[in-house]
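Residue numbers (my numbering): 252 to 892.
Backbone N, C-alpha and C define an ideal beta-carbon position, used for all residues, glycine too.
A quick write-up on the structure given underneath.
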């Protein structure tokens, strides 16, 4: 156990590289204290301040994920050493009172959700039936958002069992307090034979609140195996099959390694693309083995032979629970790929015909193969592939291809015809192309849809958002370093709207002062762009963002005066309830206060370097203050509570 001191302070220590983490002896703990780890990334064998990627991987970051045996020594995966209070998302090495730890700074695109996975191998020479687990969580609660840091385990790195007794949630209200939590639990009912691998996962996500996120560190992991009798193992006989939709009924089997009284619950995985229109099996379903009974149970899956032209669809059956004297083994899921058998011409439809959603924001047309024609909006947001918005007179949709451009170079104003499959990613409805046909160039763009709130109607539409009366909540969010980042815009009553700056746009390399030359609170503040969504889980009713395409999308106007720097004139407190102070290094003459609509609501004579202005009579909201001195002026904003 380590005492907390200033949360983070780095101390280089030699790192001992090793192969895949071995559990060598029953009853003897394996400990991990991250000695020598300095946030240099992941590589096979570790060393040089890195983690051993044969043992550790990381997932859920804007730069992708670390793979077992892979090398990731840049970007999100190698943020280096820190003293804490960082804002850039990614993985860091930290020292907590002289001992190393593994730290993550979550952001909107990093570790929300995100995962650290540790792979272990049973080399004890006997079966493991229990594991005593302990570890320490460190949190610097410096932000007004609550996040989780939970634990799960898996036999195959695909299906994980969450251990709710180890769930951890950081406080929502930021108080800059360091929190230390010692977690311990005994994992029972395990079936890890000698030579088998096993996976531990620490994962986190947003829980509540708004704004930036706390920093989390993991340390002092202790893993003690306990030997015992291995329980009967339940699994699928086969990992999957490919069938034609005319097959009628497809049959798979559940099997058990030895007879036992055991109830097995099977359900469809959320990753399935097939639904109730493709098969008629009622799920979830429970199947029962009995002591002395058969070692297999058939699962019959009636397939619907429809007349629709559609892409191949997959039903993924998953063992989601067992009860009685048995445990889940591998394969614990069965993937049935259903091939379409309906020849014909892919229909040309309006975009609105394939973007419908249900009450949970789930697209009701996923898997349909269609042809869409529309005008291209924005730039290509996918290096090595395609990502742009296609809009026709009825609606808009995102076009996404991971690695193929189909010979097309994105140009705003092009009219193209896209043939492909309707999909959905983090709430955003997309079409994954099979072909793209150029039709014409230089087509006129639509008039932006005026809005003051993001939501489903704004998704994949060209919109014009009037932020007048709002301000950039935290200018430091504007990184301008060529990466992708989010910027929160706050209105006068605390509501936040998020602007997404993609690393492929010119905006990603521009400084905050280039986009907002007069500060974070323009008198007129209008932004055009494309509506998008990034919601990691259903229901897809959150995560709406505005994505400007280029600098011209910002219509920014300030008060028509030559501004002096804030270093020469300071207004405080912000926000204010009673008295606003104006502290200047030049002699002031007078001031004027304007409401969010630009109307002057107060004029005040000033005669000194330090002035007090009563604002008790002003309604709550965001205001502009314009302070005049000899031949110069200062424009700023404040929030009246």
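Taking a cut-off of 8 Å on C-beta distances, the segment 786 to 794 does not touch the segment 712 to 730, as fewer than three cross pairs fall below it. Short of 6 Å from the beta carbon of residue 618, and not among the five residues preceding or following it, lie these beta carbons of its own chain, in chain order: 524, 561, 562 and 564. Closest by C-alpha distance to residue 775, out of 400, 662, 718 and 741, is 718. Within the segment 763 to 803, the complete beta strand (DSSP E) runs of at least 3 residues fall at 775 to 784 and 795 to 798. Residue 877 is classed as buried because its beta carbon has at least 16 other beta carbons within 10 Å across all chains shown. Residue nearest to residue 543 within the set 578, 842, 477 and 507 is 507 (criterion: CA-CA distance). For residue 832, the number of other beta carbons within 10 angstroms of its own is below 16, and it is reported as exposed. Counted as a single uninterrupted DSSP element, the beta strand (DSSP E) harbouring residue 741 occupies residues 736 to 741. Using a Cβ distance threshold of 8 Å, residue 647 and residue 574 do not count as a contacting pair. Annotation: residue 866 to residue 879 spans about 18 Å, alpha carbon to alpha carbon. A buried status is given to residue 360, since no fewer than 16 other beta-carbon atoms sit within 10 Å of its beta-carbon.
By the neighbour-count definition (other C-beta atoms within 10 Å, threshold 16), residue 713 is a buried residue. By the neighbour-count criterion, in which a residue is buried when 16 or more other Cβ atoms sit within 10 angstroms of its Cβ, residue 747 is exposed. Taking C-beta atoms as the reference points, residue 685 and residue 670 count as a pair closer than 8 Å. Residue 794 sits close to residue 785, with the two beta carbons spaced by under 8 Å.
Residue range 500 to 507 is occupied by the beta strand (DSSP E) that includes residue 505. Just measuring C-alpha positions, the residue of 651, 308 and 720 sitting nearest residue 451 is 308.
Taking one beta carbon from each stretch, the segment 400 to 412 and the segment 487 to 502 have fewer than 3 pairs nearer than 8 Å; the two do not touch. The DSSP-derived three-state label of residue 709 is helix. As summarised for the segment 559 to 603, the continuous beta strand (DSSP E) elements at least 3 residues long and confined to that stretch are 564 to 575 and 584 to 590, given in chain order. CA-to-CA, the gap between residue 558 and residue 623 works out to about 20 Å.
The beta carbon of residue 319 lies closer than 8 Å to those of 304, 305, 308 and 370 in the same chain, with the five residues before and after it left out. Assigned with DSSP and collapsed to three states, residue 327 falls in helix. By alpha-carbon distance to residue 803, the top candidate from 702, 498 and 629 is 629. Annotation: the continuous beta strand (DSSP E) that includes residue 538 extends over 536 to 540.
Judged by pairs of C-beta atoms under 8 Å, the segment 347 to 358 does not touch the segment 438 to 448, as fewer than three such pairs exist. The beta carbons of residue 641 and residue 651 sit no closer together than 8 Å. With respect to the C-alpha of residue 761, the residue from 317, 614 and 800 having the closest C-alpha is 800. With contacts defined as CB atoms closer than 8 Å, residue 465 and residue 390 qualify as a contacting pair. Taking one beta carbon from each stretch, the segment 592 to 612 and the segment 544 to 553 have fewer than 3 pairs nearer than 8 Å; the two do not touch.
For the pair of segments examined, the segment 740 to 756 was found not to touch the segment 465 to 480: the number of CB pairs separated by less than 8 Å stays below three. Counting every other CB atom within 10 Å of its CB across the protein chains shown gives residue 720 a total of 16 or more, marking it as buried. A residue is called buried once 16 or more other Cβ atoms fall within 10 Å of its Cβ, and residue 521, having fewer, is exposed.
For residue 727, the three-state secondary structure derived from DSSP is helix.
Classified as exposed, residue 428 has fewer than 16 neighbouring CB atoms from the shown chains inside 10 Å of its CB.
The residues 851 and 875, in chain order, have a CB closer than 6 Å to that of residue 845 in the same chain once the five nearest residues on each side in sequence are set aside.
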